[in-house]
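Just below is one structure, and these are the notes that go with it.
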DNA sequence: GGTATATGTAACTAAAATGGTTACGAAAAG
DNA sequence: CTTTTCGTAACCATTTTAGTTACATATACC
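Residue numbers (my numbering), protein chains in the order written: chain S, 4 to 140; chain G, 4 to 140.
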């Protein structure tokens, strides 16, 4: 499974940026909210910036800002950025092609896995960062 | 994400058992189809047996059999056995409770994650081992 | 009984993933 | 220029993953 928390932290960061939309936030400030190291935050923000949904500015008064409207950024969008690989890994080594099951299993499974992952992502697409900000107490 | 292939291998094993329903299969035979070590297979089968969907028999002529009808064993059932933990891990450390976002983010996310994981599992529930066996060429 | 065959499981390993940390260069503000 | 902040490489400890060896246990069959 997703055995890393980068997706959760990415959503946390973006929610924080949207919640404080008027000012740039430093990686150190964000790290204190997430309760981790600023470098961990910068690494995740580097992925998000590559995808165009945040921007950064160096120097005093610098920091990080949302580059898209919070309404446009869905949990699905973030999911795909932080988890570009297929949700369900196939076999570590190619199955035995001389076995009828080994020969066909990967194709059969891929078909089901793609549909299931789409169902997951469709559900994630129902919520945006703006929705989360609205519910922050 | 799911960063292990045990779910895929578990489905492979069960499909193989259903495909050869008349005879018990040894972990060595199964391993040769999956292309791995028999102990890896026995470890996965131990989980499946604990859940009651396979049975084992030692000694000559022994091996592994399905303990349920292939129609009853869905990909969702197997998913839950092989992945008992939540699909989306939360933060490694508790977020800062003095920050409005840090204070509420885990509850907000859990709500969405539960729904998304249910969508995933519902999709997986649509296919059974019997369905896969039918499609093995 | 005795032998061959399988499971059951502990122990060990190599490789990779994960999250955290230090360090330091580059860029920007003032 | 000095301070601040990003950008990123390098390194580390811990955990996960898959594979392997080894050996005890149990069963079938002669």
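Idealized CB from N, CA, C, for every residue including glycine.
Contact annotation, residue 139 of chain G with residue 118 of chain S: C-beta distance approximately 19 Å; criterion of less than 8 Å not satisfied. Assignment of residue 139 of chain S by DSSP, reduced to helix, strand and coil, places it in the coil class.
Of all alpha-carbon atoms in S:54, S:21, S:36 and S:18, the one lying nearest the alpha-carbon of residue 102 of chain G is that of S:36. Here residue 57 of chain G carries a strand assignment [DSSP, helix/strand/coil]. When only Cα atoms are considered, residue 83 of chain G and residue 111 of chain G end up about 24 Å apart. Residue contact with chain S for residue 13 of chain G: absent (no Cβ-Cβ distance below 8 Å to any residue of chain S). Cβ contact annotation for residue 45 of chain G (same chain, cutoff 6 Å, sequence separation greater than five): 30, in chain order.
In the assembly as shown, residue 124 of chain S is a buried residue. Its beta-carbon has 16 or more other beta-carbons within 10 Å. Counting C-beta pairs closer than 8 Å gives fewer than three between the stretch 9-26 of chain G and the stretch 9-27 of chain S, which falls short of the contact rule. With the criterion set as a beta carbon lying under 8 Å from some beta carbon of chain G, the members of the stretch 89-105 of chain S are 90, 91, 92, 93, 94, 95, 96, 97, 98, 99, 102, 103, 104 and 105, in sequence order. Leaving aside the five residues that flank residue 34 of chain G on each side, the residues in its chain whose CB is nearer than 8 Å to its CB run, in chain order, 40, 41, 43 and 44. Think of a sphere of 8 Å around the beta carbon of residue 140 of chain S: the chain G residues whose beta carbon falls inside it are 103, 106 and 107, in chain order.
The stretch 85-97 of chain G and the stretch 60-69 of chain G do not touch, with fewer than 3 CB-CB distances between them shorter than 8 Å. When Cβ-Cβ separations below 8 Å define contact, residue 123 of chain G makes contact with chain S. Each residue's CA atom was taken as its position, placing residue 126 of chain S and residue 98 of chain S some 33 Å apart.
With a contact defined as Cβ atoms closer than 8 Å, residue 21 of chain S and residue 132 of chain S qualify at about 5 Å.
For chain G, the residues of the stretch 26-38 of chain S that bring a beta carbon within less than 7 Å of one of its beta carbons are 35, 36, 37 and 38, in chain order. Assignment of residue 69 of chain S by DSSP, reduced to helix, strand and coil, places it in the strand class.
A Cβ of chain G is located within less than 8 Å of the beta carbon of residue 115 of chain S. Put simply, of S:86, S:72 and S:77 the residue whose alpha carbon is nearest the alpha carbon of residue 23 of chain S is S:72. Membership of residue 31 of chain G in the alpha helix (DSSP H) is indicated by the continuous run 30-37.
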